[in-house]
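What follows is a single structure, written as structure tokens, with notes after it.
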Amino acid sequence: MANAFSPWHLLLILAVILLLFGAAKLPALAKSVGQSARVFRGEMKAMKDEDAPRGGDRADTTSATSDAPSTPTSGGASDPKP
89 MANAFSPWHL LLILAVILLL FGAAKLPALA KSVGQSARVF RGEMKAMKDE DAPRGGDRAD
149 TTSATSDAPS TPTSGGASDP KP
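Following my numbering, the numbering of the sequence shown begins with 89 at its first residue and continues without gaps.
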């Protein structure tokens with residue numbers, strides 16, 4: 089089971105791809121796959137930068153939200169009935 093995927097398998101897969109897409113369409117297909125991979129990497133980097141902690145910004149937002157006074161909501165069970 090260690091040699092389940094040999095170089096002959098890769099050659100066979102490449103031959104099937106060549107037959108399915110044709111030699112003329114392969115460069116355009118490779119270009120679009122490359123562009124898609126570049127966009128995907130850029131989006132992943134942007135998401136990673138978004139999630140990174142930003143030093144003082146996080147501390148300011150947490151202290152501002154914890155210092156805010158709480159206001160009771162109307163219609164709750166704690167409202168006295170006349």
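Beta carbons are placed, not taken as given, at the ideal position from N, Cα and C, and that holds for glycine.
Here the structure is a predicted model, which means the values were calculated and not measured.
For Gly122 and Lys113, the rounded distance between their alpha carbons:
Position 25 of the sequence shown, counting from 1, holds the residue named residue 113. Position 34 of the sequence shown, counting from 1, holds the residue named residue 122. The straight-line gap from Cα to Cα measures roughly 14 Å.
If I'm right that Leu38 touches Phe109 with Cβ under 8 Å, what's the distance once you round it to whole angstroms?
As displayed, the chain neither begins before 89 nor continues past 170, which places residue 38 out of reach and without an answer.
According to DSSP, is Gly122 part of a helix, a strand, or is it coil?
As a working mapping, residue 122 is identified with position 34 in the sequence shown. Three-state DSSP puts Gly122 in a helix.
Tell me the rounded alpha-carbon separation between Leu107 and Met135.
As a first step, residue 107 is located in the sequence shown; it is residue number 19 there, counting from the start. As a first step, residue 135 is located in the sequence shown; it is residue number 47 there, counting from the start. When rounded, the distance between both Cα atoms is 38 Å.
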